[in-house]
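Trainee: Here you go, one structure.
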Amino acid sequence: MEKRVRFDSKLLPYLLIAPQIAITLVFFFWPAGQALWQSMQVQDAFGERTTFVWFDNFITLFNDDAYLESFKVTAIFSTAVSVLGLSLSLFLAVKADKVIKGTSIYRTILIAPYAVAPAIVGVLWTFLMSPSLGLVTHWLSLVGVHWDHILDSKQALGLIIVAAVWKQISYNFIFFLAGLQSIPKSLIEASSIDGASPMRRFWDIIFPLLSPTTFFLFVVNMVYAFFDTFAIVDASTKGGPGRATEILVYKVYNEGFKGLDLGGSAAQSVVLMLIVIGLTVVQFRYVERKVQY
Amino acid sequence: MIENRPFSTFLAHLVLCIGVVIVALPLYVTFVASTLSAEQVLQSPISLIPGDQLLNNYKTVLFSGAGNQSAQVGRMMVNSLIMALVIAVGKIVISMLSAFAIVYFRFPGRTLAFWLIFITLMLPVEVRILPTYQVISDLKLLDSYFGLTVPLIASATATFLFRQFFLTMPDELVEAAKIDGAGPLRFFKDVLFPLSKTNIAALFVILFIYGWNQYLWPLLITTQESLYTVVIGIKRMISGGDAATEWNLVMATAMLALLPPVLVVIFMQKWFVKGLVDSEK
């Protein structure tokens, strides 16, 4: 889309756009370029000499069992967070769309977790599920579940999934509710007159009409689980026990800052960038398709 | 309402109540824990009735610090506020200006500039964290408010939001302004800015929360306690392990850290929902 009428000025537009371009170049392109460059280099043990090795770092990376394991953990984690988060919030949104009284009270409480910092979400759930003094741990022990995420790697993964889903419910809920409210009531009335049961109406009319929202949210949730959950992991399990909850973003940080393996960490950054670019392209192709409807 | 089914309405309320209880539980337990004494908080199961140490705990963390560090949470909150405000206002200003340039002018390099900004959408901080850190340290910006805020100010999202919005503005506005002899800056100040107010408010809510809740970036950039934000402060408080952690004080700090953004969301709910839905279009 273009404007038909414009202002004429040689210098002004450059001045207006300069701050953003300057920050973008210095803090985005320079670092990203360095990451690309470093991902093809190997530094010796003393950091004095660097050798250009083409794609060796990437080959090493994909032959590294720990890295592949981290890929697997990330895949399980992000799928669980997306599927659980989406189904819970869709369920709540459908109910909230149904009731007339009290919607604003429910909505106000349900959107609160959005504002809580991921790091604090991690701390809160660590406290609730702490093996020695957690409230949820206590309730679980009443039904015979022994919870100790410090030792049990499956439970550690469970902890970060619960924390990540809890935070994301707000976001999904808002979008589902907006999507539900934009479905024309006449469609539902018509099917109701035709004798369709509420279940039938949901699966045959509401759910298909919501599918653009669902798909969009799925991509957003994947991105969220991949990248924004760093703070949740760092504030709760720190990737442990062992490497059980070391998702990809956490591994980049761990190896870059603690292990100081520049080449390896840069190669991991590049892989992550490719994943983000892939997800963004998927999202935009979908946006284009929606426009054509 | 399509049909009146009292039972199904009742069921919907029941489900929502359960959902609300589950969502609110962590926040409520945090509040209760922040009002207990150090001994009470270590009892399992923790009581669900608030204790009487509320004022004491909050006074302790706000003015004298807690745990294995002496930094005051009051100071940290000021840092968080500075960070959130600079990021929110800075992002709005620079993205509004660049969107204005991209939409209302034609100049060589316009498409290139557009793509340069667009591509940054694809690179979250977490992905390029180590090289960005190196750049900041090369520029000697570690441990400064500048290093803490400015690198996070550039974002494509806000620029896009303003671009989309400006594109929906009728062309007649520009024509009228031109006939009346107003230059581009005058047009921006007297026409575009007043018309953008609701968008600015909506974006402000989202960006304030974004800035306040930053974690990885301040964790790397700040080494001095005087620059810690409150989110970082909490992290440092619990690093001593379960036994050494004064959970009642940690939870009081957590309450202080989560209240400002939660209140912003609740009281500016209308803007918040608008901002969220718009920025993802």
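These protein sequences, in sequence, are chains U and Y.
Positions in the first sequence are counted from 1; adding 26 to them yields my numbering.
Position 188 of the second sequence, counting from 1, maps to 175 under my numbering, and the rest follow consecutively.
Using N, Cα and C, we set each Cβ at its ideal position, and we do this for glycine too.
Note that this is a predicted model, so its numbers are computed, not measured.
Would you identify the three-state DSSP class for Phe94 (chain Y), choosing helix, strand or coil?
Mentor: coil
Trainee: In chain order, what residues of the segment 275 to 293 of chain U put their CB closer than 8 angstroms to some CB of chain A?
Mentor: In summary, chain A is missing from the structure at hand, where the protein chains are U and Y.
Trainee: Taking contact to mean 3 or more Cβ pairs, one atom from each stretch, closer than 8 angstroms, check whether the segment 226 to 243 of chain U and the segment 200 to 214 of chain U are in contact.
Mentor: yes
Trainee: With a threshold of 8 angstroms, are at least 3 pairs of Cβ atoms found where one atom belongs to the segment 31 to 44 of chain U and the other to the segment 156 to 168 of chain Y?
Mentor: yes
Trainee: Closest Cβ-Cβ distance between Gly160 (chain U) and chain Y: below 9 angstroms?
Mentor: yes
Trainee: Suppose you measure from the CA of Phe149 (chain Y) to the CA of Gly77 (chain Y); what does that come to, to the nearest Å?
Mentor: Cα-Cα distance, rounded: 14 angstroms.
Trainee: Applying the 10 Å Cβ sphere with the 16-neighbour rule, what's the burial state of Lys193 (chain U)?
Mentor: buried
Trainee: For Trp234 (chain Y), go through chain U and note every residue whose CB falls closer than 7 angstroms to its CB, in chain order.
Mentor: Phe153
Trainee: Given a cut-off of 9 angstroms, decide if Ala270 (chain U) and Lys180 (chain U) are closer than it, judged by their beta-carbon atoms.
Mentor: It is a contact, given that the beta carbons lie within the stated cut-off.
Trainee: Which residues share a DSSP beta bridge with Gln67 (chain U)?
Mentor: The partner list for Gln67 (chain U) (beta bridge, DSSP) reads U:Phe78.
Trainee: Short of 7 angstroms in beta carbon distance, which residues of its chain neighbour Ala86 (chain Y), apart from the five on each side in sequence? Order them along the chain.
Mentor: Thr146, Phe149, Arg150 and Phe153
Trainee: So, Val162 (chain U) versus Gly111 (chain U), is the Cβ gap smaller than 9 angstroms?
Mentor: no
Trainee: Let me confirm a value: Gln64 (chain U) is counted as buried when at least 16 other C-beta atoms fall within 10 Å, else exposed. Which label applies?
Mentor: buried
Trainee: Quick one: is Met(-12) (chain Y) near chain U, going by C-beta distance under 9 angstroms?
Mentor: At Met(-12) (chain Y), the pLDDT of 49 sits below 50, so the modelled position is not reliable; the number obtained from the coordinates is stated separately. By this cut-off, Met(-12) (chain Y) is an interface position.
Trainee: Between which two residues does the alpha helix (DSSP H) harbouring Gln211 (chain Y) extend?
Mentor: Here Gln211 (chain Y) belongs to no alpha helix (DSSP H), and DSSP marks it neither H nor E.
Trainee: If you draw a straight line from the alpha carbon of Ser167 (chain U) to that of Gly160 (chain U), how long is it in whole angstroms?
Mentor: 11 angstroms
Trainee: Just to check, is the beta-carbon of Met242 (chain Y) closer than 8 angstroms to a non-hydrogen atom of the ligand SAH?
Mentor: Inclusion of the ligand SAH in the displayed structure is not the case, the ligand content being empty and no account of it being possible.
Trainee: Exposed or buried, which one is Trp80 (chain U) when buried takes at least 16 other CB atoms within 10 Å?
Mentor: exposed
Trainee: If the cut is a Cβ gap below 9 angstroms, which residues of chain U does Asn200 (chain Y) touch?
Mentor: Ala141, Val142, Ala143, Pro144, Ala145, Ile146 and Ala257
Trainee: Taking Cβ-Cβ distances below 9 angstroms as the criterion, which residues of the segment 93 to 107 of chain Y are in contact with chain U?
Mentor: Arg93, Phe94, Gly96, Arg97, Ala100, Leu103, Ile104, Ile106 and Thr107
Trainee: Cβ atoms of Gly148 (chain U) and Asp260 (chain U): under 9 angstroms apart, would you say?
Mentor: Contact: yes.
Trainee: Please compile the residues from chain U whose C-beta is within a distance smaller than 8 angstroms of the C-beta of Gln256 (chain Y).
Mentor: Arg133, Thr134 and Ile137
Trainee: Does chain U have any CB closer than 9 angstroms to the CB of Ile74 (chain Y)?
Mentor: no
Trainee: Is it buried or exposed for Lys257 (chain Y), if we count other Cβ within 10 angstroms and need 16 for buried?
Mentor: exposed
Trainee: Quick one: does Phe(-6) (chain Y) have its CB under 9 angstroms from some CB of chain U?
Mentor: Phe(-6) (chain Y) has a beta carbon lying at 9 angstroms or more from every beta carbon in chain U.
Trainee: Determine, using beta-carbon pairs with one atom in the segment 133 to 147 of chain U and one in the segment -9 to -2 of chain Y, whether at least three such pairs fall under 8 angstroms.
Mentor: No: fewer than three Cβ pairs fall under 8 angstroms.
Trainee: Look up Phe33 (chain U) in the DSSP assignment and give the residues it is bridged to.
Mentor: Y:Phe92
Trainee: Any beta carbon from chain Y within less than 9 angstroms of Val302 (chain U)'s own beta carbon?
Mentor: yes
Trainee: Evaluate the contact criterion for the segment 194 to 213 of chain Y versus the segment 127 to 136 of chain Y: three or more CB pairs, one atom per stretch, below 8 angstroms.
Mentor: The answer is yes - the segment 127 to 136 of chain Y touches the segment 194 to 213 of chain Y, with three or more Cβ pairs under 8 angstroms.
Trainee: When you check each C-beta in the segment 204 to 219 of chain Y against every C-beta of chain U, which residues fall closer than 7 angstroms?
Mentor: Val218
Trainee: Taking C-beta pairs closer than 8 angstroms, name the residues in chain Y that Ser49 (chain U) reaches, listed in chain order.
Mentor: Per the sequence shown, the amino acid found at residue 49 (chain U) is Ile instead of Ser. Near Ile49 (chain U) (Cβ distances below 8 angstroms), the residues of chain Y are Ile81, Val137, Pro138, Ile140 and Ala141.
Trainee: Taking only beta-carbon positions, decide if Val16 (chain Y) is within less than 9 angstroms of chain U.
Mentor: True, the Cβ-Cβ gap to chain U drops below 9 angstroms.
Trainee: Which one of U:Ser262, U:Ala251, U:Ile200 and U:Val171 has the shortest CA to CA distance from Thr239 (chain U)?
Mentor: U:Ile200
Trainee: Report the residues of the segment 164 to 176 of chain U with a CB closer than 7 angstroms to any CB of chain Y, ordered along the chain.
Mentor: His164
Trainee: Any Cβ of chain U within less than 9 angstroms of the Cβ of Tyr45 (chain Y)?
Mentor: With 9 angstroms as the cut-off, Tyr45 (chain Y) does not count as an interface residue toward chain U.
Trainee: For Val178 (chain Y) and chain U, any beta-carbon pair shorter than 9 angstroms?
Mentor: no
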